[in-house]
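Asker: Residue numbers (mature numbering (1 follows the signal peptide of the UniProt record, and there is no 0)): -20 to -1, 1 to 543.
What follows is a structure written as structure tokens; I'll ask about it next.
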């Protein structure tokens, strides 16, 4: 009898939880888009489609992410803080490195797939590729069309082996490959259709290619015999990440020249043209959902992965985002680097929620349980840090989150900074920690990702870049202080560091104790994964392509790829 009960329980876990009437879910992640790079935040870039979705949906005014790409994407996929998956790197996962989402960690795609959803991904991955089991199709997605690394050229789909963000160090010594762009002797190809490297689309603007794939995925839902499974779509857009490359259509540059106050092709103008093309892409996605009869049954969750990259350093001189009025940008834990542009929209959003703004404190780890709650999808096993924010989004109900560890830096080899008790210093590269305990935010150590001597001397990431005229406004406080404390409720621009005020001494002590806790193994902190290029990762061994290279695949995983 007991065996029969056990069998029945096992069978129940295999039940398909959804049917064709279950809601479709679109997770839209925008790359390196600044707080003020959209119109509804007071920006001057033309983004009417994004603005409309936000204004007719629910604006998430206090959505937080990580200051860099891979940590945020890992948090979204797993519902786990990046320092608990070993993906809290100061330098996002490098080409040729073996890091990725730990084996056995269920992803958001696994969650929806196990419940009977069709799961598809279009766009950028950047959370592991050395094995096929680390790539999207090994992490719960039925298909993936896009690239695996952190960036690629918008036209030739390549990424160089000389990484400027690592101080100009070349990851591999290579010669010009057959897929390298003209004049570049270090670049290798990176664009995939599942496990097939796509070389035939060379020269087409990436966003155009994405839209063709979206059409192919969505069109069947408008047919006389639509798919039986509802859709979970992860659309990880490439824009506005560098390189700054305008779309081929002249209209995008033309509409931006006057907007940004310059008639020539300044970096800000080019970025504006890319934002306008991104906005059109979002608009076309909405049109497809409407034309194929999916809109009324679809929820869109949109978020940026980190703040916009502002113009600083001789290594990133071409960046031109504005996070105004927020301080800092990508690579910092100031608000401009970690407070995300985010909203929920779509026809499946409850009517009473439309046109509202929630100041609920949310983090990237909350996306997985929140979307699962909306769709009625059961969560899989395993630890999660994320909380279900759907009631707060849908009806404004109270939400349990009051605290967010934005980054936790720990030196696993020891070494104590003179200004801080205990062992907090860095995690193999990151020498800062940051925590929000609403409304307070504490930053311990250097708030910047240390990417080289030239950048360390450049104050322009420690301040504000205006929208109009794109002017730099320096901060009022010292460039480097050991500790910072801000009240975000009345100082969202982080102008007033009150860490040294006696009246806040006990508060600061309690916040530092929380940081100390998160930095302990008892909290689940793990050492960062190894993040250096491996010899077998050299693209010269893989048809000049950034391809999976690890010889030890997971059981049942093929190690070859199609060229």
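C-beta atoms are modelled at their ideal positions from N, C-alpha and C, and glycine is treated no differently.
1. For residue 489, does the count of other Cβ atoms within 10 angstroms reach 16, so buried, or fall short, so exposed?
2. On a Cα-Cα basis, can you pick out the residue from 283, 58 and 131 that is closest to residue 30?
3. If you run the structure through DSSP and keep just helix, strand and coil, what is residue 119?
4. What residue range is occupied by the uninterrupted beta strand (DSSP E) comprising residue 338?
5. With burial defined as no fewer than 16 other Cβ atoms inside 10 Å of the residue's Cβ, what is the status of residue 47: buried or exposed?
6. What's the gap between the Cα of residue 516 and the Cα of residue 529?
7. Taking the continuous beta strand (DSSP E) assigned at residue 370, which residues delimit it?
8. Tell me which residues share the same chain as residue 33 and place their Cβ nearer than 6 Å to its Cβ, disregarding the 5 neighbours each side in the sequence.
9. For residue 420, which three-state DSSP category applies?
10. Jot down the residue ranges of each uninterrupted beta strand (DSSP E) in the region 251 to 287, minimum 3 residues, whole runs only, in chain order.
11. For a test of the three-state rule: what should DSSP assign to residue 316, helix, strand or coil?
12. Along the beta strand (DSSP E) that carries residue 39, what are the first and last residues, could you check?
13. What three-state label does DSSP hand residue 180 in the structure shown?
14. Between 269, 168, 385 and 122, which has its C-alpha nearest residue 62's C-alpha?
15. Below 8 Å on the Cβ atoms is my contact criterion, and I expect residue 442 with residue 455 to pass it. Report the Cβ-Cβ distance as a whole number of Å.
16. Short of 8 Å in beta carbon distance, which residues of its chain neighbour residue 35, apart from the five on each side in sequence? Order them along the chain.
17. First and last residue of the beta strand (DSSP E) that includes residue 323?
18. With H, G and I counted as helix, E and B as strand and the rest as coil, what does DSSP make of residue 5?
19. Taking the alpha helix (DSSP H) that residue 29 falls in, what are its first and last residues?
20. Which stretch, first to last residue, makes up the alpha helix (DSSP H) that contains residue 53?
21. Quick check on this structure: which residue in 346, 195, 273 and 237 has the alpha carbon closest to the alpha carbon of residue 204?
22. Confirm, please, whether the CB-CB distance from residue 92 to residue 85 is below 8 Å.
23. Leaving out five residues on either side along the sequence, give the residues of the same chain with a beta carbon under 6 Å from the beta carbon of residue 551.
24. Run through DSSP, which three-state label would residue 186 get?
25. Taking only the alpha-carbon atoms, compute the straight-line gap between residue 423 and residue 415 and give it to the nearest angstrom.
26. In the structure shown, what three-state DSSP assignment does residue 126 receive?
27. The beta strand (DSSP E) that contains residue 214, what's its start and end?
28. How would you label residue 482, buried or exposed, when you count the other beta carbons within 10 angstroms and need 16 or more for buried?
29. Which complete alpha helix (DSSP H) runs does the region 469 to 533 hold, if anything under 4 residues is left out?
30. Taking just the CA atoms, how far does residue 167 sit from residue 227?
31. If you reduce the DSSP assignment to three classes, tell me which class residue 350 lands in.
32. Is the separation between the beta-carbon of residue 193 and that of residue 102 shorter than 8 Å?
33. Short of 6 Å in beta carbon distance, which residues of its chain neighbour residue 250, apart from the five on each side in sequence? Order them along the chain.
34. Can you check DSSP and say which residues form a bridge with residue 101?
35. What does the alpha-carbon distance come out to for the pair residue 220 and residue 469?
36. Contact defined as beta carbons within less than 8 Å: I believe residue 64 pairs with residue 106. What is the distance between those atoms, to the nearest angstrom?
Answerer: The relevant details are as follows:
1. exposed
2. With respect to the C-alpha of residue 30, the residue from 283, 58 and 131 having the closest C-alpha is 283.
3. coil
4. 336 to 338
5. buried
6. 6 Å
7. From DSSP, residue 370 is part of no beta strand (DSSP E) but of the alpha helix (DSSP H) over 370 to 375.
8. Around residue 33: 325.
9. strand
10. For the region 251 to 287, whole beta strand (DSSP E) runs of length 3 or above, ordered along the chain, are 278 to 284.
11. helix
12. That run of the beta strand (DSSP E) goes 38 to 40.
13. In the three-state DSSP reduction, residue 180 falls in the coil class, being neither helix nor strand.
14. When each option's Cα is compared against that of residue 62, the closest is 385.
15. At roughly 6 Å, the Cβ-Cβ gap stays under 8 Å, so residue 442 and residue 455 are in contact.
16. 20 and 335
17. 322 to 325
18. strand
19. 28 to 35
20. Segment 49 to 58, the alpha helix (DSSP H) holding residue 53.
21. Measuring from the Cα of residue 204, the nearest candidate turns out to be 273.
22. Going by C-beta atoms, residue 85 is not nearer than 8 Å to residue 92.
23. Lying before the first or after the last residue shown, residue 551 is absent from the chain, which here runs from -20 to 543.
24. helix
25. 7 Å
26. strand
27. According to the DSSP assignment, residue 214 belongs to the beta strand (DSSP E) that extends over 211 to 216.
28. exposed
29. 485 to 498
30. 21 Å
31. helix
32. yes
33. 224 and 226
34. 124 and 214
35. 29 Å
36. About 19 Å; that fails the 8 Å criterion.
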